[in-house]
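Visitor: Have a look at this one before I ask anything.
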Amino acid sequence: MLENGQRAVAGKLRVTLPVLLGRHCVAPILRSYARQHPKLELELHLSDRGVDLIAEGFDLAVRNGAVANGSSLRSRRLLSQRKVLCVSRDYLAAHGEPRTLEDLADHALLPYWRNGHGLVWHLPNAQGQLVDVAVSSRMRLNDLEVIADAATEGMGLAWLPYWLVRERMQRGELVEIWGDRPSTVMECSAVWPAMQYLPLRSRLAIDLLAVELEKWKEE
């Protein structure tokens, strides 16, 4: 009898991860998994491009957003977290806090830009309903961590995943505004090729991610 599958976990496990979520949350868990199973060969590929799991030979992916099961892929939700509107205390001291969506026009904003366009923010209006807000800014950044750095330095308001700014908020470098209002929820999912028998190394990795990422939920 193999205790907890320790000796049975072997072979190659190829995993593709989005860069920031992978670096901050997922890769440390999978590195620990590899340490626990010396016969496991672990390949981690961090990239934000769309990856064809089957064509490129990946065993597992972690993807932002909910992913529906299909004929060729299976999925499992791993984590749901809010996106938070956050800012530094220095910025608030200098410029005050916006109270309404209309007030945002008088503030410096730090949107994420991709393919030459700023992504729409989904923020609560006066009735507490989430609405799309087109954001304009003199800053054009295509990296969420750089946006978090800019917000920490007092350069404006940022709308970011909680997992990315959690430690900054705990240290007091960033504070959340409108935290008592409805917020957009982000999900991440494990995705793998559909097959009759999922290898133990993949199944245990998915189970571990589900358990460990649960700890990233807000307390």
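So the sequence shown is numbered by the numbering used here: it starts at 31 and just counts up by one.
Beta carbons: idealized from backbone N, C-alpha and C, even for Gly.
Check the C-beta distance from L108 over to L243 and give it rounded, since I have them as a contact under 8 Å.
Guide: So it is a contact: roughly 5 Å between Cβ atoms.
Visitor: Taking its Cβ as the centre, do 16 or more other Cβ atoms sit within 10 Å of T182, making it buried, or is it exposed?
Guide: By the 10 Å Cβ count, T182 comes out buried.
Visitor: Only counting the same chain, and skipping five residues up and downstream in sequence, which positions put a Cβ closer than 7 Å to that of C55?
Guide: W193, L243 and W246
Visitor: Helix, strand or coil for N34, going by three-state DSSP, please let me know.
Guide: Reliability of the predicted coordinates at N34 is poor, the pLDDT of 48 falling under 50, and no value is obtained from them.
Visitor: With DSSP as the reference, label W222 as helix, strand or coil.
Guide: strand
Visitor: Given a cut-off of 8 Å on the beta-carbon distance, is the pair T214 and L171 in contact?
Guide: no
Visitor: Can you find a CB in chain D that lies within less than 8 Å of the CB of P191?
Guide: Of the protein chains in this structure there is only one, and it is not chain D.
Visitor: Which partner residues of D162 appear in the DSSP bridge assignment?
Guide: H152
Visitor: Just checking, does the region 152-166 make contact with the region 121-141 on the three C-beta pairs under 8 Å criterion?
Guide: yes
Visitor: Can we say the region 103-119 touches the region 215-222, given the rule of at least three CB pairs closer than 8 Å?
Guide: They touch, by the three-pair rule.
Visitor: With distances taken from CA atoms, which of C116, N145, G186 and I177 is nearest A124?
Guide: G186
Visitor: Would you kindly work out how many angstroms separate the C-alpha atoms of H75 and L90, rounded to a whole number?
Guide: 11 Å
Visitor: What's the C-alpha gap between L32 and I59?
Guide: Since pLDDT at L32 reaches only 43, below the 50 mark, its modelled position is unreliable, and no value is offered.
Visitor: Note the first and the last residue of the continuous alpha helix (DSSP H) segment covering T182.
Guide: L174 to T182
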